[in-house]
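Structure first, then comments.
Residue numbers (my numbering): 56 to 746.
Right, dumping it as structure tokens:
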């Protein structure tokens, strides 16, 4: 009877274990599974045949949770029960479930824990929901503002970003109408269209201006979405928005910098042209006149190198301020970059164009000549100004600006620094001619239109001592003056190609000239080198290569440089000249007295010869000043152990006067005009008594 009752009791317990919805496992003292109910099979996918007898943590516990489960097991075996914990289980197909466990123990006859009975409830869906709620909570507190709004357009809840942007706390807006944020920047129709879109399409998005708690108006990008339940009933709206203030500020800064110069804060060229276009139309409608002043600061790059970036920026700012002082009512002003300013000023009805222009320009030059500089060292910038008139019918703003530039260029070519020129059609014609000349010059070398002429040089015994190579251009059968094409070549960098051609041809001609020459008085052939050519890092190498190619001894070549070519970067020039002298090539300073050289400057330069400019020689018979200057140059050269030669000698009187001042080398029409190379060859033979 007792055995039957016990058997029935065991069968009841077994059936109960199999019918309960909870996962039940029994684990022995070694951690092996001894019981695995039907619910456990359903949840994990393992059968009891597969799992019974296996260590629990090796089969159903993920690697990351095993240590925790082992610790709980040891705690239970030590008698610390009942206990509760949550841990994941690994299913047969590899996915995980989350179980919440209640653990108890079965004791043996000695009161020791023999088995752990673990009852688990599947919490996977609940845990997933909890995680989703956590994610939603984190998402709600994102950097983007979120507001939950009732169907009646009242706030139900807002997040932290909403409070940071608007200044309103959640407690301050809950229950309040969304009109709390209205900025007053949008009309009634705007909000009607917004709500109509929400009702018809279920959403609205766009830019809107709202008001912060502080009263500040700000732009935002707003998205509103209608939320409905399963029956389609509207439950609430979700509004998200981003503050566009920083973006708008950045756009405004970008827009400003695209229209204004960063240093002077004046309109840049693009924006000035827009303003010029508007002013042109306005002047035409009002029957008024105006002048455009194109102000070009000379030697801008050199000035920037000499005074430094900070001082240059301060100077540009001062010039920008000065523009507004030059005229009582300036219409527009601008900075085009590279030292070019523009000023548009209205002409008073009773003023002539010329008198109005000269008054403004003289004021500008007066200010420039007063000097600039805040660090104790003043500098005195120079400029040329081109002036053109407005309005001009059917003339584009770009053309008007170009007229000003052409006039400024013309002023420099005609009168030099601190001069101005009114634009005229003659200037435009000259510019067109110059442009055509520039194009033709680009083909002059390849078409063999360039030629070297040589002007002989003599000593006081009227013996031939050398010759200067002078560049000539034959275009369409006519000579083009070097005064016309050399400046063009320098502007377009063609001077480098032309300079290389002159160097190669001079060296070649020198070899031919010296072959069989028996003149003991002959010293060297000289050639002119431009500042740009001298500044090339490989110029000395090119010079050496040409000498080697034609086997010309360096002593037979002399390079002539102008003062202006030597003052731009004195240290670099000195290094180049020193290397040239080391080769054995002589150096002459051409047009001496017309530039800016000082005695101290000359003393530091490796120069062999000074050339007295022909302008002084020409005036010697007429002015005491020129005679004094010539005499000073001669004495200076002698004191510095330099040779001196006078160019432009055209009369016997000039020759005698120079000889009296102890100048014994000459060049000029009195002796010989520049001649083709073949004529020079013949001259050498005649002087040598050959042929």
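Beta carbons: idealized from backbone N, C-alpha and C, even for Gly.
{"Check": "Sub-9 Å separation of residue 436 and residue 321 beta-carbons", "Outcome": "no"}
{"Check": "Cβ neighbour criterion (16 or more within 10 Å) applied to residue 394", "Outcome": "buried"}
{"Check": "Three-state class that DSSP yields for residue 372 in the structure shown", "Outcome": "helix"}
{"Check": "Segments of 3+ residues assigned as beta strand (DSSP E) that fall wholly inside the region 113 to 193", "Outcome": "138 to 145, 151 to 162, 168 to 177"}
{"Check": "Beta-carbon proximity list for residue 68, same chain, < 7 Å, skipping 5 on both sides", "Outcome": "Per-residue confidence for residue 68 stands at a pLDDT of 49, beneath the threshold of 50, marking its modelled position as unreliable; the derived number appears in the next sentence. Excluding residues within five positions, none has a Cβ falling inside 7 Å."}
{"Check": "Bounding residues of the beta strand (DSSP E) (the contiguous stretch that carries residue 278)", "Outcome": "272 to 283"}
{"Check": "Residue 465 beta carbon less than 9 Å from that of residue 447", "Outcome": "no"}
{"Check": "Collapsed DSSP secondary structure at residue 728 in the structure displayed", "Outcome": "coil"}
{"Check": "Test item: CB-CB of residue 443 and residue 346 under 9 Å", "Outcome": "yes"}
{"Check": "contact_flag[the region 493 to 504, the region 721 to 740] where n(CB pairs < 8 Å) is 3 or more", "Outcome": "no"}
{"Check": "Local conformation of residue 582 per DSSP, three classes", "Outcome": "strand"}
{"Check": "Meets three-Cβ-pair contact criterion under 8 Å: the region 93 to 102 and the region 135 to 143", "Outcome": "no"}
{"Check": "Bridge partner(s) assigned by DSSP for residue 533", "Outcome": "530"}
{"Check": "Straight-line gap, residue 525 to residue 690 (C-alpha atoms, nearest Å)", "Outcome": "28 Å"}
{"Check": "Where residue 702 sits in the DSSP three-state scheme", "Outcome": "strand"}
{"Check": "Close Cβ partners of residue 179 (< 6 Å) along its chain, the five nearest in sequence each way excluded", "Outcome": "152, 153"}
{"Check": "Closest by C-alpha distance to residue 120, when choosing among 257, 140, 314, 106", "Outcome": "140"}
{"Check": "Alpha-carbon to alpha-carbon, residue 335 and residue 494", "Outcome": "33 Å"}
{"Check": "Close beta carbons around residue 170, own chain, < 8 Å, minus the five adjacent residues each side", "Outcome": "81, 82, 83, 84, 89, 160, 161"}
{"Check": "Minimum length 4: unbroken alpha helix (DSSP H) runs contained in the region 302 to 368", "Outcome": "324 to 341, 355 to 362"}
{"Check": "Best match in 118, 167, 210 for proximity to residue 143 [C-alpha to C-alpha]", "Outcome": "118"}
{"Check": "Residue closest to residue 636, alpha-carbon to alpha-carbon, out of 620, 660, 618, 617", "Outcome": "660"}
{"Check": "Buried/exposed call for residue 677, threshold 16 Cβ in 10 Å", "Outcome": "exposed"}
{"Check": "Which of helix, strand or coil DSSP assigns to residue 640", "Outcome": "coil"}
{"Check": "Whole-angstrom C-beta distance between residue 468 and residue 700, which should lie under 8 Å", "Outcome": "So it is not a contact: roughly 28 Å between Cβ atoms."}
{"Check": "Sequence-distant residues of its chain with Cβ nearer than 7 Å to residue 145 (five each side left out)", "Outcome": "115, 116, 117, 151"}
{"Check": "Residue 382, buried or exposed, once every other Cβ within 10 Å from all chains shown has been counted against 16", "Outcome": "buried"}
{"Check": "Whole-number beta carbon distance between residue 268 and residue 311, since they are thought to touch under 8 Å", "Outcome": "Not confirmed; about 29 Å, so no contact."}
{"Check": "Closest Cα partner of residue 177 within the set 598, 94, 638, 433", "Outcome": "94"}
{"Check": "Residue 719, DSSP secondary structure in three states", "Outcome": "coil"}
{"Check": "Spatial distance of residue 532 from residue 543 (CA atoms)", "Outcome": "20 Å"}
{"Check": "Exposure of residue 124, with buried meaning 16 or more beta-carbon neighbours within 10 Å", "Outcome": "buried"}
{"Check": "Segment contact flag, the region 559 to 575 with the region 535 to 549, C-beta cutoff 8 Å, min 3 pairs", "Outcome": "no"}
{"Check": "Three-state secondary structure assigned by DSSP to residue 92", "Outcome": "coil"}
{"Check": "Cut-off 6 Å between Cβ atoms - residues of its own chain near residue 156, not counting five sequence neighbours on either side", "Outcome": "140, 173, 175"}
{"Check": "Whole-angstrom distance between residue 734 and residue 41, CA atom to CA atom", "Outcome": "Residue 41 cannot be examined here, being either before or after the span of the chain that is shown, 56 to 746."}
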